[in-house]
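Undergrad:
Residue numbers (this note's numbering): 18 to 236.
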């Protein structure tokens with residue numbers, strides 16, 4: 018079954034009298050359990066595509082089927098509910114609360130959800146990313162690699178079916194990058210669909226498929 022199906026997706030931005038096309042007729046299907054890397058030069062439309070996939074932005078035209086439902090035209094409240102339940106985000110900028118413990122950072126998404134996650138579940142996720150011995154540390158006491166592990170744990174805590182990762186190794190050295198990608202590999206082996214944006218060919222090799230963008234189109 019296709020978990021994601023994009024059909025003729027376009028995205029245009031208006032700046033004064035000038036119109037810019039960020040995406041031009043994107044067709045893309047992903048099945049449950051896929052692991053794809055999206056690559057392309059700056060300005061190719063990678064981030065715009067990621068924002069649309071994550072229901073953080075709307076396409077100008079086209080349809081976005083998520084689990085068979087066209088979510089592109091839903092209201093913001095419904096989109097937010099779907100996003101919180103089904104999609105986990107990992108960004109280049111970690112976006113953690115600096116003076117808050119690892120545990121509290123991980124459970125943060127549950128505050129905005131009707132589905133409550135137990136502390137036991139949060140601890141299991143923290144253990145899965147190898148940080149159980151740092152669970153009471155504040156994020157400003159952690160290394161860059163450890164912080165990214167917290168960000169991954171936070172993305173996983175709601176048990177999403179899809180993980181969107183935007184340059185998750187961009188601020189890390191090669192050792193930490195490998196460790197982070199090994200975590201993504203394990204997550205994918207457990208059934209999660211992973212969509213990864215990266216500039217690094219070595220990182221993209223972890224994916225089952227590489228999608229290349231140029232000038233808002235898949236090439």
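All C-beta atoms in this analysis are idealised placements derived from N, C-alpha and C, irrespective of residue type, glycine included.
Just so we're clear, the structure is a prediction, and the values are computed from it rather than from any experiment.
Considering only C-alpha positions, which residue in the set 115, 76 and 37 is nearest to residue 44?
TA: Answer by Cα proximity: 76.
Undergrad: Cα separation between residue 91 and residue 41?
TA: Using only the alpha carbons, I get a separation of about 22 Å.
Undergrad: As an exercise, report each continuous beta strand (DSSP E) stretch of at least 3 residues that is fully enclosed by the region 48-86, in chain order.
TA: 52-56 and 78-83, all fully within the region 48-86.
Undergrad: Using DSSP's beta-bridge definition, name the partner residues of residue 128.
TA: Paired residues: none, contrary to the question.
Undergrad: Enumerate in chain order the residues of its own chain whose CB-to-CB distance from residue 133 is below 8 Å, with the five nearest sequence positions on each side excluded.
TA: Excluding sequence neighbours, residue 133 sits near 127.
Undergrad: If contact is defined by three or more beta carbon pairs under 8 Å, each pair taking one atom from either stretch, is the region 162-182 in contact with the region 193-203?
TA: Contact holds: three or more Cβ-Cβ distances are below 8 Å.
Undergrad: Among 208, 169 and 214, which one has its Cα closest to the Cα of residue 187?
TA: Nearest of 208, 169 and 214 to residue 187, Cα basis: 214.
Undergrad: The alpha helix (DSSP H) with residue 22 in it runs from where to where?
TA: From DSSP, residue 22 is part of no alpha helix (DSSP H) but of the beta strand (DSSP E) over 19-32.
Undergrad: Using only alpha-carbon positions, find the residue among 138, 48, 113 and 162 that is nearest to residue 193.
TA: Among 138, 48, 113 and 162, the Cα nearest to that of residue 193 is on 162.
Undergrad: Assuming residue 84 and residue 20 form a contact by the criterion Cβ under 8 Å, report the distance between their Cβ atoms to the nearest whole angstrom.
TA: Confirmed, about 6 Å.
Undergrad: Per DSSP, residue 190 forms a beta bridge with which residues?
TA: Residue 190 pairs with nothing; no bridge assigned.
Undergrad: Could you check the C-alpha separation between residue 79 and residue 70 for me, to the nearest Å?
TA: So the two alpha carbons sit approximately 13 Å from each other.
Undergrad: Return the residue from the list 154, 66 and 123 that minimises the CA-CA distance to residue 143.
TA: The option with the nearest alpha carbon to residue 143 is 123.
Undergrad: Could you tell me which uninterrupted alpha helix (DSSP H) segments, each at least 4 residues in length, are contained entirely in the region 152-226, listed from first to last along the chain?
TA: If we require 4 residues or more, the alpha helix (DSSP H) runs fully inside the region 152-226 come out as 161-173, 191-206 and 218-221.
Undergrad: At what residues does the beta strand (DSSP E) containing residue 143 begin and finish?
TA: Segment 136-145 is the alpha helix (DSSP H) holding residue 143; no beta strand (DSSP E) there.
Undergrad: Are the region 137-154 and the region 167-179 touching by the rule of at least three beta carbon pairs closer than 8 Å?
TA: Counting Cβ pairs under 8 Å, three or more are found: they touch.
Undergrad: Less than 8 Å between the C-beta atoms of residue 72 and residue 55, yes or no?
TA: The answer is no: Cβ separation not under 8 Å.
Undergrad: For the alpha helix (DSSP H) that residue 99 lies in, which residues bound it at each end?
TA: Its alpha helix (DSSP H) spans residues 93-103.
Undergrad: Where residue 227 and residue 159 are concerned, what is the direct C-alpha to C-alpha distance, given to the nearest angstrom?
TA: Going by the C-alpha atoms only, they are around 32 Å apart.
Undergrad: Looking at the structure shown, is residue 107 part of a helix, part of a strand, or coil, going by DSSP?
TA: In the structure shown, residue 107 sits in a strand (DSSP, three-state: E or B).
Undergrad: With a 10 Å radius around its C-beta and 16 neighbouring C-beta atoms as the bar for buried, classify residue 210 as buried or exposed.
TA: The residue is buried, with at least 16 neighbouring Cβ atoms inside 10 Å.
Undergrad: Checking 8 Å against the spacing of the C-beta atoms, do residue 18 and residue 48 come in under that value?
TA: In contact: residue 18 and residue 48 (Cβ atoms closer than 8 Å).
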